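Asker: Chains A and B, in that order, are what the protein sequence lines are. Residues in the first sequence are numbered from 1 upward in steps of one, following UniProt numbering. Residues in the second sequence are numbered from 1 upward in steps of one, following UniProt numbering. By construction, the Cβ of each residue, glycine as well, lies at the ideal position given by its N, Cα and C atoms. Note that the structure is a prediction, hence the values are computed from the model and not measured. Starting off with a structure, shown below.
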Amino acid sequence: MSRAEAAPAGATAVPASAAARRWGLSLLISEVTTTFRRWRTLALLGVLAAVPVLIGIAVKIETGDDGAHGGGGPAFISQVTNNGLFLVFTSLAATLPFFLPMAIGVIAGDSVAGEAGSGTLRYLLVAPAGRTRLLFAKYATTMAFCFAATLVVAVSALAVGALLFPLGEVTLISGTTIGFGEGLLRALAIAVVVALSLVGVAALGLFVSTLTNSGVAAMATTVGLLITVQILDQFPQLSAIQPYLFPHYWLSFADLLRDPVLWDQVLRNLGLQALYAAVFGSAAWARFTAKDITV
Amino acid sequence: MARIQPTPGTDGATGPDGDGTGTGRRRKAVRYAVPVAVAGVAAATIGITSAFAGTGDPDLPRISAQDLIAKMAQSDTQRMSGTVKISTDLGLPSLPSGASFGADGKDGKGGKGGGHDGGKGGAAPSPESKLTELLSGTHTLRVAADGPDKQRLSLVERAAEYSVIRNGDQLWAYDSASNTVYHSEAPKAPAEGKGGKAGQDMPKGLGAASPQELSKKVLAAADESTSITVDGTAKVAGRDAYQLVIKPKQGESTVGSVRIAVDAKSGVPLKFTLAAKSGGKAVVDAGFTKVDFGKPSAGTFAFTPPKGAKVTEADEKAVGAGRDHKNDHKSGLPEALGLPGVGGDASVAPEVTGEGWASIARFSAGKDAGTAVTGKAKSGAKGGEKNAADAGALLDSFGTKVSGGFGSGRVFSTKIVNALVTDDGKVYVGAVDKDALVKAANAAK
Numbered sequence: 001m002s003r004a005e006a007a008p009a010g011a012t013a014v015p016a017s018a019a020a021r022r023w024g025l026s027l028l029i030s031e032v033t034t035t036f037r038r039w040r041t042l043a044l045l046g047v048l049a050a051v052p053v054l055i056g057i058a059v060k061i062e063t064g065d066d067g068a069h070g071g072g073g074p075a076f077i078s079q080v081t082n083n084g085l086f087l088v089f090t091s092l093a094a095t096l097p098f099f100l101p102m103a104i105g106v107i108a109g110d111s112v113a114g115e116a117g118s119g120t121l122r123y124l125l126v127a128p129a130g131r132t133r134l135l136f137a138k139y140a141t142t143m144a145f146c147f148a149a150t151l152v153v154a155v156s157a158l159a160v161g162a163l164l165f166p167l168g169e170v171t172l173i174s175g176t177t178i179g180f181g182e183g184l185l186r187a188l189a190i191a192v193v194v195a196l197s198l199v200g201v202a203a204l205g206l207f208v209s210t211l212t213n214s215g216v217a218a219m220a221t222t223v224g225l226l227i228t229v230q231i232l233d234q235f236p237q238l239s240a241i242q243p244y245l246f247p248h249y250w251l252s253f254a255d256l257l258r259d260p261v262l263w264d265q266v267l268r269n270l271g272l273q274a275l276y277a278a279v280f281g282s283a284a285w286a287r288f289t290a291k292d293i294t295v
Numbered sequence: 001m002a003r004i005q006p007t008p009g010t011d012g013a014t015g016p017d018g019d020g021t022g023t024g025r026r027r028k029a030v031r032y033a034v035p036v037a038v039a040g041v042a043a044a045t046i047g048i049t050s051a052f053a054g055t056g057d058p059d060l061p062r063i064s065a066q067d068l069i070a071k072m073a074q075s076d077t078q079r080m081s082g083t084v085k086i087s088t089d090l091g092l093p094s095l096p097s098g099a100s101f102g103a104d105g106k107d108g109k110g111g112k113g114g115g116h117d118g119g120k121g122g123a124a125p126s127p128e129s130k131l132t133e134l135l136s137g138t139h140t141l142r143v144a145a146d147g148p149d150k151q152r153l154s155l156v157e158r159a160a161e162y163s164v165i166r167n168g169d170q171l172w173a174y175d176s177a178s179n180t181v182y183h184s185e186a187p188k189a190p191a192e193g194k195g196g197k198a199g200q201d202m203p204k205g206l207g208a209a210s211p212q213e214l215s216k217k218v219l220a221a222a223d224e225s226t227s228i229t230v231d232g233t234a235k236v237a238g239r240d241a242y243q244l245v246i247k248p249k250q251g252e253s254t255v256g257s258v259r260i261a262v263d264a265k266s267g268v269p270l271k272f273t274l275a276a277k278s279g280g281k282a283v284v285d286a287g288f289t290k291v292d293f294g295k296p297s298a299g300t301f302a303f304t305p306p307k308g309a310k311v312t313e314a315d316e317k318a319v320g321a322g323r324d325h326k327n328d329h330k331s332g333l334p335e336a337l338g339l340p341g342v343g344g345d346a347s348v349a350p351e352v353t354g355e356g357w358a359s360i361a362r363f364s365a366g367k368d369a370g371t372a373v374t375g376k377a378k379s380g381a382k383g384g385e386k387n388a389a390d391a392g393a394l395l396d397s398f399g400t401k402v403s404g405g406f407g408s409g410r411v412f413s414t415k416i417v418n419a420l421v422t423d424d425g426k427v428y429v430g431a432v433d434k435d436a437l438v439k440a441a442n443a444a445k
């Protein structure tokens, strides 16, 4: 919590502050349940769960007659037929550039602007929790969705992979072989890294969401920004600024599949996401706590 | 509708003076200072760390160039592992992709590099062919060695890796992007027989890119035409190192200098930088970013082809690679650096004129090559003439016409290697400037 908020709250009365904190927790719980009960959220998760199914079936049909594969398509796809666990990595590599951040953009963009648009924001603000707390609850909810979305992709991919393809020892991309259990652990670590890769876009979406009262506008802006940045990341002429674009190191999660693990880019990715979260999170706070809520 | 303003008590923002007054607006503005400050601090941190990254040369006892070279020669480091970053900028003209060596895996981050798509029938590219990918852009390599017969070298690609693993007489290459394996039985005793230093017995091809191998070849090529000095110290991969500077004395050489950072403790070359006389970015810059002289774990060198991977057994390729290496000492630097197209593919073994850095390889590419290159086909067939003319026009865009006592021809330039192709099909190649090539051609006439 910010000092700006804690100081006056502590000055008035201790019980009030404790009550507010309790209220903050229940606010978070109610935010999470409302978000995850929405049909929109469930539909997004459903689409994300369908992606590994599609990839799995496509790979199964395509390589049914001939095992040879040129190496095109998403990362790791050539290993999927031999080890279903690789479907997890392929699915995450396929969804990370657009599907996952787009879903995050929808949830984050809607978080504040959607409430403002439907006129429910003012009722949330009537409660004594304060705006900072509400913003934190909104951001935490978006983060929860990041993890849920990534897990949905990973678990769905693992299930499809286990159904359609053999499982077993995993050959890492460096050529060394590890057991299936360690492979699962690495898959879990990758899912966590992928979820954390979305922290930056979530903060960006939250900031955009505080700028407008239209949920649709906020979602469209966030997704539009995402696409713009992804395109900027493709031009070799812009290589000077690319290390500071939030999607630049996204695919570095594959470095966890090397032996020994190559941490450089993974850590750089997490640092960059933290930076985006700090900058746009505080920008969202500055905007939201100073904003007049008219509807 | 009533406006809801931030609650004064809990948000501590606007205060009782409310909307529109000066204080309220100023306080709002102050809030925006927070994200600006966060971004500023981050930018400053990035700026400061990158500005200070290169400074802080370590304080080491003085050492003469002779002693440093002796130290390198005595170095018996058998075990090491680390990460090597290699950047190459040969100053090649940009050719249509596929027309030139290495033009496809251009930047290393362009996704799957051209090297993997179709055409190759899913066969793993052999280590030698993979070397050409290193010829442009920046690449990351990981190396590990444990004694003379256990080595491993991986080319780190985006979400994929190309690994060459040598364990005893088994040589494996694994390309994770296409899930293909290349296998050959390497001779137990390496043909070069230069001793047992780490990294030198690396599989041919990719191994040539490690700082040790590059340094060794340059020192082997050094003779009276070379000045070798020690120029201060540097920190490479967190280790203290001496800087050995090698400069050609001959004025016609295109090589500006070669810098080798030698680890002060172990005598292992940690960084190799080749700069062209014309200046600009280093032509080759290969150095460790991380290095560890401990024993790599045994599993590092174990390889079993994964289930379902396509295994290609080595055939005559190994013989070809052997031949390439025989030419090494004959023709000086260009081949020493493993630059392709400098003689390995010539139909006739090249003749070498000149000495040391200024040596020029001369070979005959055949009449046809000469006419094709110069676009002066005199054959009767009209179609052929037109094609040759087209080719000539294309070549004109990156070759410069020269003429002299030898007749006329075209000079093709890169930052280091220049080649003169005469109209009668003779080729002169060397790490020398244009005038030296013309002189050599005139002398041969």
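What is the rounded straight-line gap between the Cα of B/G149 and the Cα of B/S81?
Answerer: Taking the first residue of the second sequence as position 1, residue 149 of chain B is located at position 149. Taking the first residue of the second sequence as position 1, residue 81 of chain B is located at position 81. It should be pointed out that residue 149 of chain B corresponds to Asp in this sequence rather than to Gly. Looking at the two C-alpha atoms, the distance is approximately 14 Å.
Asker: Nearest CA to the CA of B/A264: which residue from B/Q74, B/S154 and B/A160?
Answerer: Your numbering for residue 264 of chain B matches position 264 in the second sequence. Nearest option by C-alpha distance: B/Q74.
Asker: Between which residues of its own chain and A/I178 is the CB-CB distance below 6 Å, once the five residues before and five after are set aside?
Answerer: For this step, residue 178 of chain A is matched to residue 178 along the first sequence. For A/I178, where only same-chain residues beyond five positions count, the Cβ hits under 6 Å are V170.
Asker: Beta strand (DSSP E) containing B/A160: first to last residue?
Answerer: Along the second sequence, read from residue 1 onward, the residue named residue 160 of chain B stands at position 160. Taken as a continuous stretch (DSSP letters only), the beta strand (DSSP E) holding B/A160 covers A160 to N167.
Asker: Tell me, which residues are paired with B/G399 by DSSP?
Answerer: One-based indexing of the second sequence puts residue 399 of chain B at position 399. Paired residue(s): B/F412.
Asker: Taking A/A286 as the query, report the chain E residues whose CB atoms sit under 7 Å from its CB, ordered along the chain.
Answerer: Among the protein chains of the structure shown, namely A and B, there is no chain E.
Asker: Using 8 Å as the limit for Cβ to Cβ distance, is A/L135 near chain B?
Answerer: Numbered from its first residue, the first sequence carries residue 135 of chain A at position 135. False, the Cβ-Cβ gap to chain B never drops below 8 Å.
Asker: On the three-pair Cβ rule with 8 Å, is the segment 233-247 of chain B touching the segment 265-279 of chain B?
Answerer: Short answer: they touch.
Asker: Tell me which same chain residues have a C-beta within less than 6 Å of the C-beta of A/G24, skipping the five on either side of it?
Answerer: In the first sequence, the residue the question calls residue 24 of chain A occupies position 24. If we look at A/G24 and ignore the five residues flanking it on each side, its Cβ neighbours are A129 and R133.
Asker: Consult DSSP for B/K216 and reduce its assignment to one of helix, strand or coil.
Answerer: Your numbering for residue 216 of chain B matches position 216 in the second sequence. Helix.
Asker: Select from the segment 77-93 of chain A all residues with a C-beta closer than 7 Å to any C-beta belonging to chain B, and list them in chain order.
Answerer: Answer set for the segment 77-93 of chain A: S78, Q79, T81, N82 and A93.
Asker: Near B/K281, which residues of its chain fall below 6 Å by C-beta distance, leaving aside the five closest residues on each side in sequence?
Answerer: Working through the second sequence from its first residue, we reach residue 281 of chain B at position 281. Closer than 6 Å at the Cβ level, and outside the excluded window around B/K281, lie D89.
Asker: Which residue marks the beginning of the beta strand (DSSP E) containing A/I241, and which one marks its end?
Answerer: Translated into positions along the first sequence, residue 241 of chain A becomes position 241. It is not in any beta strand (DSSP E) - A/I241 carries neither H nor E in the DSSP assignment.
Asker: What is the DSSP secondary structure of B/D292, counted as helix, strand or coil?
Answerer: Here residue 292 of chain B is taken as the residue at index 292 of the second sequence, counted from 1. The answer is strand: DSSP assigns B/D292 an E or B state.
Asker: Determine, using beta carbons only, whether B/E355 and B/R362 come nearer to each other than 8 Å.
Answerer: In the second sequence, the residue the question calls residue 355 of chain B occupies position 355. In the second sequence, the residue the question calls residue 362 of chain B occupies position 362. In this structure, B/R362 does not lie closer than 8 Å to B/E355 by Cβ.
Asker: Counting C-beta neighbours from all protein chains within 10 Å, is the total for B/V30 16 or more, i.e. buried, or is it exposed?
Answerer: By one-based count along the second sequence, residue 30 of chain B stands at place 30. The residue in question, B/V30, is exposed, as its Cβ has fewer than 16 Cβ neighbours within 10 Å.
Asker: Quick one, which residues of the segment 250-269 of chain A are near chain B if we go by CB-CB under 9 Å, in chain order?
Answerer: Against chain B - using a Cβ distance shorter than 9 Å - the residues of the segment 250-269 of chain A are L251, S252, F253, A254, D255, L257, R258, D259, P260, L262 and D264.
Asker: If you check the beta carbons only, do A/R287 and A/F207 fall under 8 Å apart?
Answerer: Numbered from 1 along the first sequence, position 287 holds the residue referred to as residue 287 of chain A. Numbered from 1 along the first sequence, position 207 holds the residue referred to as residue 207 of chain A. It is a contact, given that the beta carbons lie within the stated cut-off.
Asker: What residues in the segment 171-201 of chain A have a beta carbon less than 7 Å from any beta carbon of chain B?
Answerer: Residues T171, I173, S174, G175, T176 and T177.
Asker: In the DSSP assignment, what residue or residues form a beta bridge with B/I228?
Answerer: Residue mapping note: residue 228 of chain B aligns to position 228 of the second sequence, counting from 1. BP columns for B/I228 point to B/I246.
Asker: Starting from A/F145, trace the alpha helix (DSSP H) in both directions and tell me its first and last residue.
Answerer: In the first sequence, residue 145 of chain A corresponds to position 145, counting from 1. Counting along the chain, the alpha helix (DSSP H) containing A/F145 begins and ends at R131 to L164.
Asker: How would you label B/V438, buried or exposed, when you count the other beta carbons within 10 angstroms and need 16 or more for buried?
Answerer: What you label residue 438 of chain B is simply residue 438 of the second sequence in a count that begins at 1. B/V438 should be labelled buried.
Asker: Check this for me: beta carbons of B/K71 and B/V283, under 8 Å apart or not?
Answerer: As a working mapping, residue 71 of chain B is identified with position 71 in the second sequence. As a working mapping, residue 283 of chain B is identified with position 283 in the second sequence. No, they are not a contact pair.
Asker: With a threshold of 8 Å between beta-carbons, can B/E313 be considered close to chain A, or not?
Answerer: Sequence index remark: in the second sequence, residue 313 of chain B carries index 313 (1-based). B/E313 does not count as touching chain A.
Asker: Can you tell which of A/A220, A/L100 and A/A203 has the C-alpha that lies nearest to the C-alpha of A/L272?
Answerer: Locating residue 272 of chain A in the first sequence gives position 272, counting from the first residue. When only C-alpha atoms are compared, the closest one is A/A203.
Asker: With a Cβ-Cβ cutoff of 8 Å, do B/A234 and B/D423 count as a contact?
Answerer: Counting from 1 along the second sequence, the entry for residue 234 of chain B is found at position 234. Counting from 1 along the second sequence, the entry for residue 423 of chain B is found at position 423. Contact: no.
Asker: Within 10 angstroms of its Cβ, does A/I190 collect 16 or more other Cβ (buried), or is it exposed?
Answerer: The residue given as residue 190 of chain A occupies position 190 in the first sequence. Per the 10 Å Cβ criterion, buried.
Asker: For chain B, check one thing: does any of its Cβ atoms lie closer than 8 Å to the Cβ of A/A283?
Answerer: On the first sequence, residue 283 of chain A is found 283 positions in, with the first residue counted as 1. Taking Cβ atoms only, chain B reaches closer than 8 Å to A/A283, which makes this a yes.
Asker: Locate the beta strand (DSSP E) running through B/A309, then write down its first and last residues.
Answerer: Sequence index remark: in the second sequence, residue 309 of chain B carries index 309 (1-based). Counting along the chain, B/A309 falls outside any beta strand (DSSP E), and DSSP gives it neither H nor E.
Asker: Considering B/D146, what are the terminal residues of the beta strand (DSSP E) in which it resides?
Answerer: For the purposes of this step, residue 146 of chain B is taken as the residue at position 146 of the second sequence. Note, B/D146: beta strand (DSSP E), S136 to D146.
Asker: Between the Cα of B/E133 and the Cα atoms of B/G147, B/R142 and B/E157, which residue gives the shortest distance?
Answerer: The residue you call residue 133 of chain B lines up with position 133 of the second sequence. It is B/E157.
Asker: Please give me, in chain order, every unbroken run of the alpha helix (DSSP H) with length at least 4 that falls completely inside the segment 104-133 of chain A.
Answerer: Within the segment 104-133 of chain A, the complete alpha helix (DSSP H) runs of at least 4 residues are 121-126.
Asker: Would you please verify whether the beta carbon of B/V38 is less than 8 Å from any beta carbon of chain A?
Answerer: On the second sequence, position 38 is the one that residue 38 of chain B refers to. For B/V38, the answer is yes, since a Cβ of chain A falls inside 8 Å of its Cβ.
Asker: Quick check: the Cα distance between B/F288 and B/H139, rounded to an integer number of angstroms?
Answerer: The count along the second sequence starts at 1 and reaches residue 288 of chain B at position 288. The count along the second sequence starts at 1 and reaches residue 139 of chain B at position 139. Roughly 12 Å between the two C-alpha positions.
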